[in-house]
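To keep things clear, I will list the structure first and then write my remarks on it.
In UniProt numbering, the protein residues as written are 1 to 156.
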């Protein structure tokens, strides 16, 4: 992992894209069960933290990622928020669990809500943008139905 950090950012992004393409093919072929976390991180002004990845879809989405074997979802949410945005996630709690299809695989997603502390920053490698958005002014370029889900989770 340390060697990847030393790579120039454009090459690092290209490797993320290649790895993602391979991962999608594996998921479509073997259809494994995936376990992940999606983070509803709100700042003091009740704005939600969203990111855009350098690979896969270029749409805005909440931070998130896969759960490591045996990892607590809240701990994973804290880790992913820090890794992807540089923000701390405090007061985090599990909000809900949902199942969705992801590239032919069953993805069990734990939605964790918490307070985002700090100013988001994109690393320019995995994440190309990280910003807060008002719940009534979410970006248009998001996966279908996600804006409604975010507003629903924020009201919970």
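Quick reminder that beta carbons are idealized off the backbone N, C-alpha and C, glycines included.
request  = Would you list, in sequence order, the uninterrupted beta strand (DSSP E) runs of no fewer than 3 residues that lie entirely inside the stretch 84 to 132?
outcome  = Qualifying beta strand (DSSP E) stretches, in chain order: 88 to 102, 105 to 117.
query = Which one of 99, 87, 55, 100 has the shortest CA to CA distance from residue 49?
reply = By 1-based counting over the chain shown, the position of residue 49 is 49. Of 99, 87, 55, 100, the smallest CA-CA separation from residue 49 is found for 87.
ask   = So which of 70, 128, 97, 90 has the shortest CA-CA distance to residue 10?
value = Translated into the one-based positions of the chain shown, residue 10 becomes position 10. When C-alpha distances from residue 10 are compared across 70, 128, 97, 90, the shortest belongs to 128.
task = Round the Cβ separation of residue 41 and residue 81 to the nearest angstrom and send it over; I've been treating them as touching at under 8 Å.
result = Taking the chain shown and counting its residues from 1, the one referred to as residue 41 is at position 41. Taking the chain shown and counting its residues from 1, the one referred to as residue 81 is at position 81. So it is a contact: roughly 6 Å between Cβ atoms.
task = Please confirm if the stretch 67 to 86 is in contact with the stretch 135 to 155, defined as three or more CB-CB distances below 8 Å between the two stretches.
result = Below 8 Å, too few C-beta pairs join the stretch 67 to 86 and the stretch 135 to 155 to call them touching: fewer than three.
ask   = If you draw a straight line from the alpha carbon of residue 100 to that of residue 35, how long is it in whole angstroms?
value = Here the question's residue 100 lines up with position 100 in the chain shown. Here the question's residue 35 lines up with position 35 in the chain shown. Between the alpha carbons of residue 100 and residue 35 lies a distance of about 11 Å.
task = Can you give me the start and stop residues for the beta strand (DSSP E) that residue 155 sits inside?
result = As a position in the chain shown, residue 155 is number 155, starting the count at 1. Residue 155 -> not in any beta strand (DSSP E); alpha helix (DSSP H) instead, spanning 146 to 155.
In DSSP terms, what residue 41 is bridged to = Counted from its first residue, the chain shown places residue 41 at position 41. Residue pairing from DSSP places residue 41 in a beta bridge opposite 114.
request  = Please confirm whether residue 132 and residue 139 have their CB atoms less than 8 Å apart.
outcome  = Sequence index remark: in the chain shown, residue 132 carries index 132 (1-based). Sequence index remark: in the chain shown, residue 139 carries index 139 (1-based). Residue 139 is positioned such that its CB atom lies no closer than 8 Å to that of residue 132.
ask   = Of the residues 84, 71, 64, 130, which one's Cα is nearest the Cα of residue 47?
value = As a first step, residue 47 must be located in the chain shown, where it is residue number 47. The shortest Cα separation from residue 47 among 84, 71, 64, 130 belongs to 130.
task = Give every residue of the same chain whose Cβ lies closer than 7 Å to the Cβ of residue 75, excluding the five residues on either side of it in the sequence, and list them in chain order.
result = Mapped onto the chain shown, residue 75 falls at position 75. Closer than 7 Å at the Cβ level, and outside the excluded window around residue 75, lies no residue.
inquiry  = Quick check on this structure: which residue in 148, 112, 106, 144 has the alpha carbon closest to the alpha carbon of residue 38?
reply    = The residue labelled residue 38 in the question sits at position 38 within the chain shown. Nearest C-alpha to residue 38: 112.
inquiry  = On the criterion of 16 or more Cβ atoms from any shown chain inside 10 Å, does residue 91 qualify as buried, or is it exposed?
reply    = Mapped onto the chain shown, residue 91 falls at position 91. Residue 91 is exposed by the Cβ-count criterion.
query = When burial is assigned at 16 or more other CB atoms within 10 Å of the CB, is residue 114 buried or exposed?
reply = Walking along the chain shown from the start, residue 114 turns up at place 114. Its Cβ being crowded by 16 or more others within 10 Å, residue 114 is buried.
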